Amino acid sequence: MQESFSRWPFGLDVIKKSLKADRGKFFPIFLQRNAEGYGITWKYSILGTSSLFTVDPENIKAILATQFDDFDLGPLRRGAFWPMLGNGIFTQDGHGWKVSRDMMRPQFTREQISDIEVEEKHVQNLMKAIDARLQNGWTEEIDLQVLFFRLTMDSATEVLLGQSADSQLFDLPGRHNSAEIDRIDFATAFDNALSWVSTRGRFADKYWLATSKDFTNSCNECNEYVDHFVQLALTRSSLGESQDENDLSSTKKKYIFLDALAKETQDPIELRSQCLHLLLAGRDTTASLLGWLFLSLAQNPNYYQKLRNIVIENFGTYENPSEITFSGLKNCQYLQYCMNEALRLYPPVPFNGRHANKDTTLPCSGGKDGKSKIFIPKGSYTEYSVFVMHRRKDIWGEDADDFRPERWEGKKVGWEFLPFNGGPRVCIGQQFALTEAGYLIVRLLQRFDMIKNMEMDPVVKHNLKLTDASANGVKVKLHSSTT
0 MQESFSRWPF GLDVIKKSLK ADRGKFFPIF LQRNAEGYGI TWKYSILGTS
50 SLFTVDPENI KAILATQFDD FDLGPLRRGA FWPMLGNGIF TQDGHGWKVS
100 RDMMRPQFTR EQISDIEVEE KHVQNLMKAI DARLQNGWTE EIDLQVLFFR
150 LTMDSATEVL LGQSADSQLF DLPGRHNSAE IDRIDFATAF DNALSWVSTR
200 GRFADKYWLA TSKDFTNSCN ECNEYVDHFV QLALTRSSLG ESQDENDLSS
250 TKKKYIFLDA LAKETQDPIE LRSQCLHLLL AGRDTTASLL GWLFLSLAQN
300 PNYYQKLRNI VIENFGTYEN PSEITFSGLK NCQYLQYCMN EALRLYPPVP
350 FNGRHANKDT TLPCSGGKDG KSKIFIPKGS YTEYSVFVMH RRKDIWGEDA
400 DDFRPERWEG KKVGWEFLPF NGGPRVCIGQ QFALTEAGYL IVRLLQRFDM
450 IKNMEMDPVV KHNLKLTDAS ANGVKVKLHS STT
């Protein structure tokens, strides 16, 4: 196992290179190049914090599962995230994390994640945004990534808070009353705060250096926006009501996560924090998957056509669709292949880590032969990159950097494929994200029969905050189907 030696004191040159890669929008590629130079596991130190980096599936399995109790998120994650997100599943360890996990798990039942009606409403808003740019069958150049982040923000806020941010409708004519301006401010503040949180994470235990009035203001705006809905939910809870019962036009009981959570706790700060944590997970993960998949399909239009033919065969046309169900999406194999391939090449969270809460070991990559255990001292950090692991040619083949959905035919995978993490902290919203993404993919491919890639830059760039998205967006033209 090699060690990355710093030429500057305290590893400042490592920080400089890391920030340069971040500014240049190639941080995941920077990690991949390091792995090519240092091997699948190596050590380094930043600002006095010792760390180990690995892309070995067996080591990652130990960190996340078989030696789960030896590792936690640690104080650095909590400190970097706290001003924006507070106490929740992405910052908690031990008993607090288990309580939050148990509180949230029932909210992700199959019944909740397979409610397609809510999703169709937001799909129609997305179609309106596209229609505003449609002329003579083809759209003008559009950035699908922007539309995807708006859609997932809208659906997530409706399910979590009971009211959609309706961000998809903002740039349509006549859509700017004061209430909508507030929702624009929230979406902007949320994105800005995430950027700051991501930067804070680069500074290890000196995360507090990355702060500003801009960051504080964005965090305050997010808190104030969610607090409004928390108070509404607590009022309904105290009166024994739900929002749905006050809606005379409702024909079906509307599920609101915040109402369900208010039955478990009356603490407004905890409710706010849990909502912000789930909003981050529910919006960004799905939007990341959608953006990278459609970028890959635009770069490979033959796969777009193949997937569209299968979508029409399984789910009908846009104007005359057959029922699109949770099980139908899950059983559409080629759709699953395409989503898996996008998740392999561009996992939503390409880089993660854990803190050793005791002296422990990892099973692989130590010694001269790379097969011995590695000693991990208490208080050190172990980081891993599924982005790099997903592109290892010794695991995935010489075409590991290529988008090829057919590689999933008959393929069974283990810890070498971790788009949603693994072990006890595996993403509880995984099926929610895949269902939402699958539904939108089907509806878009039913509606549009051709796609043109309009991105001129041949180099894929990464806008890595807490999740990864294309730094250049997903610039395409779409052709409306006549069927």
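With numbering that gives the first Met the number 0, the residue at position 292 of the sequence shown is 291, and numbering never jumps.
Glycine included, each C-beta is placed from N, C-alpha and C at the ideal position.
For clarity, every value in this text was computed on a predicted model and none was experimentally measured.
Alpha-carbon to alpha-carbon, residue j and residue i
| i | j | result |
| --- | --- | --- |
| residue 168 | residue 130 | 12 angstroms |
| residue 122 | residue 42 | 46 angstroms |
| residue 207 | residue 71 | 21 angstroms |
| residue 101 | residue 344 | 31 angstroms |
| residue 405 | residue 313 | 18 angstroms |
| residue 331 | residue 307 | 12 angstroms |
| residue 234 | residue 73 | 36 angstroms |
| residue 367 | residue 36 | 16 angstroms |
| residue 356 | residue 456 | 44 angstroms |
| residue 50 | residue 214 | 27 angstroms |
| residue 499 | residue 375 | Past the boundaries of the shown model lies residue 499; the chain is included only from 0 to 482, so the question cannot be answered. |
| residue 415 | residue 463 | 22 angstroms |
| residue 419 | residue 425 | 6 angstroms |
| residue 291 | residue 349 | 13 angstroms |
| residue 371 | residue 360 | 10 angstroms |
| residue 441 | residue 225 | 32 angstroms |
| residue 62 | residue 384 | 12 angstroms |
| residue 211 | residue 52 | 30 angstroms |
| residue 254 | residue 277 | 15 angstroms |
| residue 27 | residue 14 | 15 angstroms |
| residue 299 | residue 223 | 44 angstroms |
| residue 30 | residue 38 | 11 angstroms |
| residue 145 | residue 322 | 28 angstroms |
| residue 325 | residue 125 | 21 angstroms |
| residue 469 | residue 238 | 46 angstroms |
For residue i, the three-state DSSP class (helix, strand or coil)
| i | result |
| --- | --- |
| residue 211 | coil |
| residue 247 | Confidence at residue 247 is low in this model, with a pLDDT of 46, below 50, so the placement of that residue should be treated as unreliable; the coordinate-derived value is given next. Reduced to three states, the DSSP call for residue 247 is coil. |
| residue 129 | helix |
| residue 159 | helix |
| residue 92 | coil |
| residue 468 | strand |
| residue 86 | coil |
| residue 30 | helix |
| residue 169 | coil |
| residue 70 | strand |
| residue 185 | helix |
| residue 419 | coil |
| residue 266 | coil |
| residue 414 | coil |
| residue 426 | coil |
| residue 435 | helix |
| residue 201 | coil |
| residue 46 | coil |
| residue 164 | coil |
| residue 10 | helix |
| residue 256 | helix |
| residue 25 | coil |
| residue 457 | coil |
In DSSP terms, what residue i is bridged to
| i | result |
| --- | --- |
| residue 142 | 474 |
| residue 192 | Residue 192 pairs with nothing; no bridge assigned. |
| residue 41 | 1 and 52 |
| residue 452 | 475 |
| residue 137 | 134 and 478 |
| residue 462 | 468 |
| residue 447 | 479 |
Residue from the options with nearest C-alpha to residue i
| i | options | result |
| --- | --- | --- |
| residue 347 | 305, 461, 447 and 368 | 461 |
| residue 198 | 58, 78 and 382 | 78 |
| residue 265 | 229, 66, 159 and 432 | 229 |
| residue 275 | 17, 466, 411 and 155 | 155 |
| residue 305 | 403, 25 and 211 | 403 |
| residue 353 | 58, 14, 20 and 24 | 58 |
| residue 358 | 280, 97, 380 and 337 | 380 |
| residue 472 | 421, 91 and 459 | 459 |
| residue 11 | 25, 48 and 95 | 48 |
| residue 341 | 153, 231, 297 and 166 | 297 |
> Along the chain, which unbroken stretches of the alpha helix (DSSP H) at least 4 residues long are found entirely within the stretch 268-336?
Replying inline: Runs found: 300-314 and 325-330.
> Along the chain, which unbroken stretches of the beta strand (DSSP E) at least 3 residues long are found entirely within the stretch 341-404?
Replying inline: You should have 351-355, 359-365, 371-375 and 380-383.
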